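Asker: Protein chains in written order, with my numbering: chain A, 1 to 63; chain B, 1 to 142. C-beta: ideal position from N, C-alpha, C; glycine also. All values reported here derive from a predicted model rather than from experimental measurement.
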């Protein structure tokens, strides 16, 4: 492949969180409303805990 | 002898009728492995099937376009073999990528490493979709 897709770490993490939340929501709950709620919950956890909190923690460990 | 009543706690537990193993129980997860989301689609879970298909296929294709690595089963490295297990979960996508020799370039930059993880994750998410399709076929989930 000549041109590789270049995405930032943040963008890849958001795409990854979105897709994983979608699958988690559908597979881990029974009712459609619960699926949506659980998917949103997973996405928020991925972004705010996994990405932001994890990022700041690594920044603190590094400095 | 005094007449005794059997309380609910002493009564024998209710027997659950075993769900018969139908063709759908076998076909749904197998089809879901070959084509992500298809296990839900053949059970008329249209929206769920399409969403699962979108998520898995998007991750896999993005991984390929980011020049992620496709693992081979017989590399001899334990971590590579684990990577293969993840990749193989994507089923049909993995087979097609091997046929066209995609993902064979060495991982030379950070984005390619993200791509490798995307491909593994697409496979693992597809395994979750397969299990879900199986549960729907068994009647454990609506």
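1) Identify the contact partners of residue 24 of chain B in chain A, using a Cβ-Cβ distance below 7 angstroms as the criterion.
2) Residue 41 of chain A to residue 26 of chain A, Cα distance in whole Å?
3) Should residue 69 of chain B go down as buried or exposed, given a rule of 16 or more other Cβ atoms within 10 Å for buried?
4) Alpha carbon to alpha carbon, what distance is there between residue 63 of chain B and residue 89 of chain B?
5) Which residue spans inside the stretch 72-138 of chain B form an unbroken alpha helix (DSSP H) run of at least 4?
6) Quick check: residue 113 of chain B and residue 107 of chain B, are their CB atoms within less than 7 angstroms of each other?
7) With a threshold of 7 angstroms between beta carbons, is residue 132 of chain B in contact with chain A?
8) Taking only beta carbons into account, state which residues of the stretch 32-44 of chain A come closer than 9 angstroms to chain B, listed in chain order.
9) Would you identify the three-state DSSP class for residue 60 of chain A, choosing helix, strand or coil?
10) State whether the stretch 91-102 of chain B contacts the stretch 30-46 of chain B, with contact taken as three or more CB pairs (one from each stretch) at a distance under 8 angstroms.
11) Does residue 32 of chain B come out as helix, strand or coil in the three-state DSSP assignment?
12) In the DSSP assignment, find the unbroken alpha helix (DSSP H) run with residue 22 of chain A in it and report its ends.
Answerer: Taking the definition as stated:
1) Result: empty, since nearest Cβ-Cβ is about 18 angstroms, beyond 7 angstroms.
2) Spanning the two alpha carbons is a distance of roughly 12 angstroms.
3) Flag for residue 69 of chain B reads buried.
4) Going from the Cα of residue 89 of chain B to the Cα of residue 63 of chain B covers about 15 angstroms.
5) Counting only runs of 4 or more residues that sit fully inside the stretch 72-138 of chain B, the alpha helix (DSSP H) segments are 78-88, 92-99, 110-138, in chain order.
6) Closer than 7 angstroms, so yes.
7) Under the Cβ criterion of 7 angstroms, residue 132 of chain B is counted among the residues facing chain A.
8) Under the 9 angstroms Cβ criterion, the stretch 32-44 of chain A contributes 32, 35.
9) The answer is helix: DSSP assigns residue 60 of chain A an H, G or I state.
10) Touching, per the Cβ criterion.
11) In the structure shown, residue 32 of chain B sits in a helix (DSSP, three-state: H, G or I).
12) Residue 22 of chain A -> alpha helix (DSSP H) spans 9-28.
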